[in-house]
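Undergrad: First the structure, which I've put down as C-alpha cells, then a few questions once you've had a look.
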Amino acid sequence: MKILFCSSEVVPYAKTGGLADVSHSLPLALSRLGQQVEVVTPRYRQTDIRKFGLTKVKDGLYRGCLAQGVGAYLIDNKELFGRQGLYGTRQGDYEDNLERFSFFCRRSIELMKEADFRPDLVHCNDWQSAPIIIYLKSEYKNDPFYKGIKTVFTIHNLGFQGIFGDLNLLKDGITLSDVVNTVSPTYAREILTKDLGFGLEDVLNKRKESLFGVLNGIDYGIWDPAADSLIVKKYSRQDLKNKYENKRHLIKICSLKAGADAPLLGMVSRLTSQKGMDILIPALDEAGKWDAGIVILGQGEAKYHGELRKLARKYKGKISVHFKFDESLAHKIYAGSDIFLMPSRYEPCGLSQMISLKYGAMPLVFKTGGLADTVTLENGFVFVDYSKEALLKAMLRACSAHKDKDHWLTLVRKGMLCDFSWEKSAAEYIKLYQRAVNG
Ligand code: ADP
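To get my numbering, take the position in the sequence shown, counting from 1, and add 907.
This is the structure:
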C-alpha cells in the first residue's frame, strides 16, 4: 500500500512529545512490513538543514530521509514555521495556528501531485493535520487525482482539539475520516465516557464502529541502554553494574546528596495537569523528607514551574528540577533512575513508561489509558485512586521494595524484558488501512 503519513512533529526534525517519536518509528515499522511510506511535516526553525542532511527540492520544500525506504517532505515557510516553538510560547498558543496548519495541510495535498505520489491512503495525526481530511472531502473531491484516496485519523490526545471559534479541527477529523483510532485500547474505551471524552464523547460514540485502539510502540534502535551513546555507561539486563554508574553520574550532575543505595526517582514529562502535577507536587512535599533522590526534567505550565522551583529550594540536595527540553538529560534520567514517576491524570498511551522499563527504571503509574495497558504489578507500581495519598502510598511501596536488593534486581530484569516494539502494532495499523481502503 502507498501511504502518506502527515504529522506536525517528527523525530529527528522536531519534537515536543510522544507524537514525534511515533511519527518516526511507525512509518519505519510500516516500511519494514512492506508498505511504501512517505512522511510530511513542517520545517521549523530547529530543523537544521545541514544536521539532518536535507536537500532543497524547490522554494518552500525540502527532502529528507528517515531511514532506508522512508522519505520525508518538509514544508518550509519561514514566516509561519521559522519560530522558536512548534505550537506556541510559554504564554500560550500562537494566534495564527489555524493559518499555519491549514497552510501545512494544503501544501501536503498539493505535494502529492507535484511529487507524483498518489497514496492509497493519507494517515493524519491530531488536529494539526486534520484539515487534510476536510480539504480532501471538499475542495479537492472532484479532482480525479485525489478521488478515492482514503483517510485514517489518529487521536494522540483528546485534550488538544484545535478549536478556532466555531471550528473544531479534531472533531472534523473524527467525523470525516474513513477510520479513526487512538493510541491504546483502554483510552479508546475511556474517551467514550463523559469523564475523559473532553466534550467529544457523543461525536466519538457515533463513530464507535470505526473507532479503534492501537497501542503505540517504541523504537529500540533509539531507546536501548546497550547502544545508547547519550548515557555515561552502556548496560544490559545481563550486566546491570553499569546502570549504577549512570545512577552515580545522575546524582552528581544533579548535585543530589542521596547515597548510591537510596532510591532515585526520575521523571521526564510535560509539566501539565494531564501529567498529574496537581497530586505530584503535594506528594513531593512529603517525599522530600525521605532518604531518596528525585530528578524532574520538563517544561509546562508556569504555576508548576514555580511550585517545583520552591520544592527544589526547600529540599535542596533531595529534589532536582530542570525546566528545559533536553534529549541528552532525558536519556540520562531513564538510565540513572530506579523508579520512574508517571502519575498522569489521563494518558492516551504514554511512551515514557515503556522507555523507562527498557532502562530498568520501574514505572510508577496511575491506572489509566495506555498506562493501564502497559504497566501492572508484575512490571511496576500502580495506584488506582487519583489522589495525593494513593500516589504517596505507591511511592512508599516502591521505595520499600527497593530496599530488598535481590528482589529489586529481579524486578528490574523482568521489566527490561518487556517488549513494546512496533511490529505487532504496525501490523494492526495495516489492518486499519485495509479497512479504510476496502470501505
Ligand atoms: P506526551 O506525548 O503526552 O508528552 P509521551 O510519554 O507519549 O508523552 O512521550 C513523551 C516523549 O517526550 C518521551 O520521548 C519523553 O522522553 C520526551 N520528553 C518529554 N519531556 C521532555 C523534556 N523536557 N526533554 C526531553 N525529552 C522529553
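A virtual CB, placed ideally from N, CA and C, is assigned to each residue, including glycine.
1) Would you mind reading off the limits of the beta strand (DSSP E) that contains Lys958?
2) Could you tell me which residues DSSP pairs with Arg950 in its beta bridges?
3) Is Ser1332 near ligand 1, going by C-beta to nearest heavy atom under 8 Å?
4) Pick helix, strand or coil for Asp1280, following the three-state DSSP scheme.
5) Would DSSP call Gly995 helix, strand or coil?
6) Given a cut-off of 9 Å, decide if Val977 and Val946 are closer than it, judged by their beta-carbon atoms.
7) Report the partner residues of Leu1172 according to the DSSP bridge assignment.
8) In whole angstroms, what separates the C-alpha of Ala1297 from that of Val1291?
9) Should the segment 1183-1195 be regarded as contacting the segment 1137-1151, the criterion being three or more beta carbon pairs within less than 8 Å?
10) To the nearest angstrom, report how far apart Asp1185 and Met1302 are at their CA atoms.
11) Cα separation between Gln991 and Gln953?
12) If you count every other CB in all the chains shown that lies within 10 Å of the CB of His1314, and 16 or more means buried, which is it?
13) By the 10 Å Cβ neighbour count, where 16 or more other Cβ atoms means buried, how is Asp1033 classified, buried or exposed?
14) Which same chain residues end up closer than 6 Å to Arg1144 when comparing Cβ atoms and leaving out the 5 residues on each side of it in sequence?
15) What residues in its chain sit with their C-beta under 7 Å from that of Tyr1222, if we drop five residues either side in the sequence?
16) Relative to ligand 1, is the shortest distance from any of its heavy atoms to the C-beta of Phe1232 smaller than 8 Å?
17) Using the C-alpha atoms, what's the distance from Leu1077 back to Ser1294?
18) Quick check: Ala921 and Gly1124, are their CB atoms within less than 9 Å of each other?
19) Counting only runs that start and end within the segment 1130-1196, where is the beta strand (DSSP E) found for 3 or more residues in a row?
20) Under DSSP, the alpha helix (DSSP H) around Thr1093 begins and ends at which residues?
21) Can Gly1257 be considered in contact with ligand 1, in the sense that its beta carbon sits closer than 8 Å to one or more heavy atoms?
22) Does the segment 924-944 come within contact of the segment 1253-1268, defined as at least 3 CB pairs closer than 8 Å?
23) By Cβ distance below 6 Å, which residues in the same chain neighbour Ser932 in space, the five residues on each side in sequence not counted?
24) Any heavy atom of ligand 3 within a distance shorter than 8 Å of the CB on Gly1267?
25) Report yes if the CB atom of Ile1016 is closer than 9 Å to the CB atom of Leu1043, and no otherwise.
26) Please look up how many angstroms separate the CB atoms of Thr1058 and Val1029, rounded, as I've assumed it's under 8 Å.
27) For the segment 1085-1098 against the segment 1264-1283, do three or more pairs of beta-carbon atoms, one drawn from each stretch, fall closer than 8 Å, so that the two count as touching?
28) Considering only their Cβ atoms, is the gap separating Met1249 from Lys1182 smaller than 9 Å?
29) Could you check which residue in Phe1024, Gly1287, Tyr994 and Val1110 has the C-alpha nearest to that of Phe912?
30) In the DSSP assignment, find the alpha helix (DSSP H) that holds Tyr1042 and state where it starts and stops.
31) If I measure Cβ to Cβ from Lys1239 and keep anything under 8 Å in the same chain, skipping five residues before and after, which residues do I get?
32) Quick check: what's the CA-CA separation for Leu1103 versus Phe1273?
TA: With the structure as the only source:
1) In this chain, Lys958 is not harboured by any beta strand (DSSP E), its DSSP state being neither H nor E.
2) DSSP lists Asp983 as partners of Arg950.
3) Not so, every heavy atom of ligand 1 lies at least 8 Å from the Cβ.
4) Three-state result, Asp1280: helix.
5) Annotated three-state conformation of Gly995 is strand, per DSSP.
6) Val946 places its beta carbon less than 9 Å from that of Val977.
7) Answer is Ile1201 and Ile1246, bridged to Leu1172.
8) About 8 Å.
9) Two segments are said to touch when three or more pairs of C-beta atoms, one from each, lie closer than 8 Å; by this definition the segment 1183-1195 does not touch the segment 1137-1151.
10) Taking the straight line from one Cα to the other gives about 16 Å.
11) Taking the straight line from one Cα to the other gives about 7 Å.
12) With fewer than 16 other CB atoms across the displayed protein chains lying within 10 angstroms of its CB, His1314 is exposed.
13) The residue in question, Asp1033, is buried, as its Cβ has 16 or more Cβ neighbours within 10 Å.
14) For Arg1144, where only same-chain residues beyond five positions count, the Cβ hits under 6 Å are Arg1320 and Met1323.
15) Cβ neighbours of Tyr1222 beyond the five flanking positions: Gly1195.
16) At least one heavy atom of ligand 1 is nearer than 8 Å to the Cβ of Phe1232, so yes.
17) Distance between the alpha carbons of Ser1294 and Leu1077: 30 Å.
18) Inclusion of Ala921 and Gly1124 in the CB contact set at 9 Å is not warranted, their separation being larger than that value.
19) The qualifying runs are 1171-1178.
20) From DSSP, the alpha helix (DSSP H) with Thr1093 extends over Pro1092 to Glu1097.
21) Closer than 8 Å to some heavy atom of ligand 1: that describes the Cβ of Gly1257.
22) They touch, by the three-pair rule.
23) Excluding the 5 residues flanking it on each side, Ser932 has same chain C-beta neighbours closer than 6 Å at Asp1126 and Trp1329, in chain order.
24) Here the bound small molecules are ligand 1; ligand 3 is not part of this structure.
25) If you check the CB distance, Ile1016 and Leu1043 come in under 9 Å.
26) So it is a contact: roughly 5 Å between Cβ atoms.
27) Contact between the segment 1085-1098 and the segment 1264-1283 is present, because at least three Cβ pairs lie under 8 Å.
28) Yes, Cβ-Cβ distance for Lys1182 and Met1249 is below 9 Å.
29) The closest CA to that of Phe912, considering only Phe1024, Gly1287, Tyr994 and Val1110, is found on Phe1024.
30) Annotation: the continuous alpha helix (DSSP H) that includes Tyr1042 extends over Asp1033 to Lys1044.
31) Closer than 8 Å at Cβ, skipping near neighbours: Leu1137, Ile1138, Val1139, Asn1153, His1156, Leu1157 and Ile1160.
32) So the alpha carbons of these two residues sit roughly 15 Å apart.
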